[in-house]
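A.B. asks:
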Amino acid sequence: MNNELKFSKLVTEANSCFSAKNYKKSAKLYDDALSLSPIFKDIKSVRKNLSKAKILNESSNNFNEGMDHFKNKNYESAIYLFSKIPKEDAQNYKEAIKKIEESKPLLTKHMIEEANKEASNNKFGNALSFINQGLANDPNNKELISLKNKYEKENDVIQAAQDKANAEAEKYKPKRITKSDWIVSSPPIRMFTKIIIIIV
1102 MNNELKFSKL
1112 VTEANSCFSA
1122 KNYKKSAKLY
1132 DDALSLSPIF
1142 KDIKSVRKNL
1152 SKAKILNESS
1162 NNFNEGMDHF
1172 KNKNYESAIY
1182 LFSKIPKEDA
1192 QNYKEAIKKI
1202 EESKPLLTKH
1212 MIEEANKEAS
1222 NNKFGNALSF
1232 INQGLANDPN
1242 NKELISLKNK
1252 YEKENDVIQA
1262 AQDKANAEAE
1272 KYKPKRITKS
1282 DWIVSSPPIR
1292 MFTKIIIIIV
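Residue numbers for the sequence shown follow our numbering, beginning at 1102 and rising by one.
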């Protein structure tokens, strides 16, 4: 079989895979066709289809991974992956936009729950971290803003108490005797030793 016939057959098969949304296989077949020879008349359309197949394959992978994260309630990762879906992937793009809109309030709710859980264990620094993540997603959420103010005050109180306790503990910390302390106290002992020798 000559190269032109192989090229044509590979392009036809690649087009079928592309239509069936098997972008990974279609990209491989387009690549194979291009490797035969870059001089055939359809080369421009094959390169264009190859590029599109690669974009749609990556988009499909991101969409499927985003759906997995969404189902596992990992909304932050889901939003990130859905936001990577290009408009060229019309079907997945529309669904990704819907899932982003569904995920945002669920992410906010999750961040509030996690913050409250940390705060109940007096871990206000961790609670504030969750609050800040929630505010990055929903900066005008009144509940998040209220919790942030509340937990910042609680965190300040605990930090002040911790600082006071550390300062108090520092007072009672045993002082380590250094060599310079020993040298300063040494001469009187030596003088006392000399006095004893003189008396004897």
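Even for Gly, the Cβ is constructed at its ideal location relative to N, Cα and C.
Apart from the five residues just before and just after ASN1256, which ones in its own chain have a Cβ nearer than 7 angstroms to its Cβ?
C.D. replies: PHE1225, GLY1226, LEU1229
A.B. asks: Report the residue from PHE1231, ALA1268, LYS1110, SER1127 whose alpha carbon sits nearest the alpha carbon of CYS1118.
C.D. replies: SER1127
A.B. asks: DSSP three-state call for ASP1190: helix, strand or coil?
C.D. replies: coil
A.B. asks: Helix, strand or coil: how does DSSP classify LYS1200 here?
C.D. replies: Helix at LYS1200.
A.B. asks: Can you name, in chain order, every residue of its own chain whose Cβ lies under 8 angstroms from the Cβ of PHE1164, other than the five neighbours on each side?
C.D. replies: LEU1182, PHE1183, ILE1186, ASP1190, ASN1193, GLU1196, ALA1197
A.B. asks: Can you give me the C-alpha to C-alpha distance between LYS1129 and ALA1179, rounded to a whole angstrom?
C.D. replies: 28 angstroms
A.B. asks: Can you tell which of GLY1167, LEU1137, LYS1122 has the C-alpha that lies nearest to the C-alpha of ASN1157?
C.D. replies: Here residue 1157 is Leu; the residue named in the question, Asn, does not match the sequence. Nearest option by C-alpha distance: LYS1122.
A.B. asks: Name the residue from SER1161, LYS1210, ASN1162, ASN1250 whose alpha carbon lies nearest to the alpha carbon of ASN1175.
C.D. replies: LYS1210
A.B. asks: Helix, strand or coil for ASN1153 per DSSP?
C.D. replies: In the sequence on display, residue 1153 carries Lys and not Asn. DSSP, reduced to helix, strand and coil, places LYS1153 within a helical segment of the structure shown.
A.B. asks: With the cut-off set at 7 angstroms, would you say ILE1232 and ALA1220 are in Cβ contact?
C.D. replies: Cβ distance not < 7 angstroms, so ILE1232 and ALA1220 don't count as in contact.
A.B. asks: Which two residues bound the contiguous alpha helix (DSSP H) that contains ASN1173?
C.D. replies: Unbroken run through ASN1173: none, as it is neither H nor E.
A.B. asks: Within 10 angstroms of the Cβ of VAL1258, are there 16 or more other Cβ atoms? Answer buried if so, exposed if not.
C.D. replies: exposed
A.B. asks: Who are the Cβ neighbours of LYS1125 in its own chain at under 7 angstroms, not counting the five residues just before and after it?
C.D. replies: ASN1158
A.B. asks: To the nearest whole angstrom, what separates the beta carbons of LYS1107 and LEU1137, a pair I think is in contact under 8 angstroms?
C.D. replies: 6 angstroms
A.B. asks: Determine the direct distance from the alpha carbon of ASN1267 to that of TYR1273, and round the result to whole angstroms.
C.D. replies: 10 angstroms
A.B. asks: Which two residues bound the contiguous alpha helix (DSSP H) that contains ASN1250?
C.D. replies: 1243-1273
A.B. asks: Suppose contacts are defined by Cβ-Cβ distances below 7 angstroms. Is LYS1205 in contact with PHE1171 by that definition?
C.D. replies: no
A.B. asks: Taking only the alpha-carbon atoms, compute the straight-line gap between ILE1213 and ASP1132 and give it to the nearest angstrom.
C.D. replies: Near 49 angstroms, if we compare the C-alpha coordinates of ASP1132 and ILE1213.
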